[in-house]
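Some notes on the structure that comes next.
Residue numbers (my numbering), protein chains in the order written: chain A, 4 to 557; chain B, 190 to 511.
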């Protein structure tokens, strides 16, 4: 695919240039189902939503820097308006980050290929994508707007930022590529992965938890890109292809299951009035269809085999193992530690997904609202079903999907020869089918059939009193309680005191305090009396003359 | 000739599957028997696990009223994922038909799937003990998976391939030698295996105090066929882990799937390996006590450290060797 168009709008005398190649087609394919799903789920009447979608599409289609920046900023501004409509407080933080991102990105893309340009683009796109240490706006801003917008922000907007990073790091800046570019991306990625997965395990608010999980997946994509960028600069196209396959497949899978989960969270909010896991429970009984779709999304989020999230994880782990297999000794030790940290976060993501389903959808209701929940409205369910159907080929035929990614990999690393995927879910499913047949035969032939409903045993405790129809909610673990062992073992080492995000405690917090101090100084200057001002001017004059005199004398 | 070769490998694969599935309860019976002997008791007969399973098969299956419609599905999901690994991990021969799919990372993923299914089953009824078991299992899983991946890295570096079958073939060829790294990986893998199969010192499989249970606590509400599947899955998991450790660390003399004459030696060796590991497990279990829950992350942290050190030693050795 190689097409260019010119549009007669935009900069005077230049217009806007659009261009389609394999990379932008791939990201358009990631974006399209989410835009449709968000619109079907209830955003189709909102002009801001369509401006948001248009901005993203324009950024992906851009052939010149002006169109790219225009689309990107249109996306930022529209999403800011949408966040503002949901909640005022994160919107301010969000617009600050968006301004910082633009301030880095605009000089970055106009500079010639060099390390400075790469750092600026990585900072600008990374801040917008939610890469550590600039990720902490994401769990605040993404949950604020309605579910359809949250879904598109989490699944689509971060991908547009990553698209810009990929395009500039792999194509535009390719002549100046250095191995340490990839190492920077890997370091930022693993920090995002560990912090994101741990916070996803600890958060009790459903949408905040999903946003933390997005930080984790952005980190996984960044690690894949970093490994690929480093391998490309060091002349190892096979490893570069593997890392790129992992990153791109992760982007595809995440673009399907994360919007699905966000739309489901919106429906939970609609049905029960809350998204706090501590007030939910037993939703599978009242909302079986929503529960089934959410289960599929959670399987993807946890990266379990036979689900959509496992193939990218598989490729990424193999890429990291490959990177640890060659090179300098310090880098190899670093990649070993990276592998262990990836294992830790994979298990954390699994626990977070189990918590989402086990606390929110299984067990007994923790509030009357959760007990009275009825199945979701038809339109959001249809949107979720669309995403779920698209998850199936990614889950069961990942080899075909990586095959379809080959032109993109070839575009980014021209010498590459991508290998076929070694993970074949269909053969695993065949083995599982054989085992299920054998077990089914034994049960059918010799077993006792049928089930009987009885009160739960619950360790021999008596029946609950009549005014607690679902038992005492405090006798089952809450979302906070479920995360408590992990929090005790890990949070003290990884997060800041009090469970705060390290980026907020150690980066944004001091920055904010410095800002306040400067404001206070400026305010005191502004309020100075005429005598103080005259004294200030006189002192400055004396100091200047003294400096001049000392300079002359020396 | 190719067809004949394929048929022999198919026969080996079928034999492997039948033996692994049929002998898993016997292995647990052997471990229990040996442990009872060492404690000076007579112990239950070797076939006791079969009798337990048969008894469960004839019992009614009860579903608690507070459980959702997915209650009977979690044991099935756990059983299916462990039975896939049982067919992937070689026992007495290498070169099974399932060998190309036996990538170590796939196997780790399948163990995670089984763990997730068990945890969801524990949370299903919404009562305290099941939830407590699930949250402890989540904690153990975090450290166990990190340690396991670190161990896998040294195997892949030594064997230049990620399938269990390929690792066994390379290690059998014997030009690896005995190295410090392999010792470290063995220690780390044993610690992870004890966690995954929920044996002492992580968890007590014969414990009857709900407060101290981990794995058993998640099964408390299950009965009948569902409990049968869960218990059988635990037996199968022990079998898979023992076969895995035996295949990687003692591959010498394993048969080849396309040479039926070598199967006999492989079978005898497999039985010997399983007996040896069952004896070692029972000695270890009677000589140590169950840990407190929050000591387990430290125990697995040591395993993680050993796994990372094993790879670091390999890097240093490669550096000195070159």
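Backbone N, C-alpha and C fix where the C-beta goes; we use that ideal spot for every residue, glycine too.
{"Query": "Distance CB(residue 55 of chain A)-CB(residue 154 of chain A) smaller than 8 Å", "Result": "no"}
{"Query": "Spatial distance of residue 456 of chain A from residue 274 of chain A (CA atoms)", "Result": "27 Å"}
{"Query": "Residue 519 of chain B versus residue 440 of chain B - alpha carbon distance", "Result": "With chain B covering only 190 through 511, there is no way to say anything about residue 519 of chain B."}
{"Query": "Chain B contact for residue 455 of chain A (CB, 8 Å cutoff)", "Result": "yes"}
{"Query": "Any C-beta of chain A under 8 Å from that of residue 248 of chain B", "Result": "yes"}
{"Query": "7 Å Cβ shell around residue 2 of chain A - same chain, five flanking residues per side excluded", "Result": "With chain A represented from 4 up to 557, any question about residue 2 of chain A goes unanswered, as that position is not in the structure."}
{"Query": "Any chain A beta carbon closer than 8 Å to residue 510 of chain B", "Result": "no"}
{"Query": "Residue 346 of chain A at chain B interface by Cβ criterion, 8 Å", "Result": "yes"}
{"Query": "According to DSSP, residues forming a beta bridge with residue 292 of chain B", "Result": "B:352"}
{"Query": "Endpoints, alpha helix (DSSP H) assigned at residue 431 of chain A", "Result": "428–449"}
{"Query": "CB contact check: residue 313 of chain B to chain A, cutoff 8 Å", "Result": "yes"}
{"Query": "Chain A contact for residue 298 of chain B (CB, 8 Å cutoff)", "Result": "yes"}
{"Query": "Contact check, residue 432 of chain A vs residue 309 of chain A, beta carbons under 8 Å", "Result": "yes"}
{"Query": "Residues that residue 317 of chain B contacts on chain A, provided the C-beta gap is smaller than 8 Å", "Result": "461, 462, 478, 479 and 480"}
{"Query": "For residue 21 of chain A, the first and last residue of its enclosing beta strand (DSSP E)", "Result": "19–23"}
{"Query": "C-beta neighbour in chain A for residue 287 of chain B, strict 8 Å", "Result": "yes"}
{"Query": "Residue 4 of chain A - DSSP class collapsed to helix/strand/coil", "Result": "In this predicted model, residue 4 of chain A has a pLDDT of only 44, less than 50, meaning its place in the structure is not dependable enough to derive any value."}
{"Query": "Residue 546 of chain A versus residue 122 of chain A - alpha carbon distance", "Result": "40 Å"}
{"Query": "Environment of residue 194 of chain B [buried if 16+ CB atoms lie within 10 Å]", "Result": "exposed"}
{"Query": "Against chain B: residues of the segment 307–335 of chain A by CB proximity under 8 Å", "Result": "307, 308, 309, 313, 316, 317, 320, 321, 324, 327, 328, 332 and 335"}
{"Query": "Endpoints, alpha helix (DSSP H) assigned at residue 353 of chain A", "Result": "332–363"}
{"Query": "Within chain B, partners of residue 362 of chain A - CB distance below 8 Å", "Result": "312"}
{"Query": "Contact list for the segment 176–187 of chain A against chain B, Cβ threshold 9 Å", "Result": "none"}
{"Query": "Partner residues on chain A for residue 391 of chain B, Cβ-Cβ distance less than 7 Å", "Result": "Residues of chain A passing the Cβ test: none, with the nearest at roughly 14 Å."}
{"Query": "Alpha carbon of residue 340 of chain B to alpha carbon of residue 299 of chain B, nearest angstrom", "Result": "17 Å"}
{"Query": "Backbone secondary structure at residue 457 of chain A - three-state DSSP", "Result": "strand"}
{"Query": "Classification of residue 397 of chain B by the beta-carbon crowding that lies within 10 angstroms, buried from 16 upward", "Result": "exposed"}
{"Query": "Nearest to residue 497 of chain B (by Cα), restricted to the options A:300, A:327, A:305 and A:314", "Result": "A:327"}
{"Query": "Limits of the alpha helix (DSSP H) - the one that residue 392 of chain A falls within", "Result": "381–399"}
{"Query": "Residues of the segment 40–64 of chain A whose Cβ lies closer than 7 Å to any Cβ of chain B, in chain order", "Result": "none"}
{"Query": "Sub-8 Å separation of residue 442 of chain A and residue 362 of chain A beta-carbons", "Result": "no"}
{"Query": "Assigned secondary structure, residue 146 of chain A (DSSP; H/G/I helix, E/B strand, else coil)", "Result": "coil"}
{"Query": "Three-way DSSP call (helix, strand, coil) for residue 211 of chain A in this model", "Result": "helix"}
{"Query": "Closer than 9 Å at the beta carbon, the chain E residues around residue 458 of chain A", "Result": "Protein chains A and B are contained in the structure displayed, whereas chain E is not."}
{"Query": "Status (buried if at least 16 other CB within 10 Å, exposed otherwise) for residue 4 of chain A", "Result": "Unreliable positioning characterises residue 4 of chain A in this predicted model, as indicated by a pLDDT of 44, which lies under 50. The coordinate reading is nonetheless provided below. Exposed."}
{"Query": "Exposed unless 16 or more other CB atoms sit within 10 angstroms - verdict on residue 37 of chain A", "Result": "buried"}
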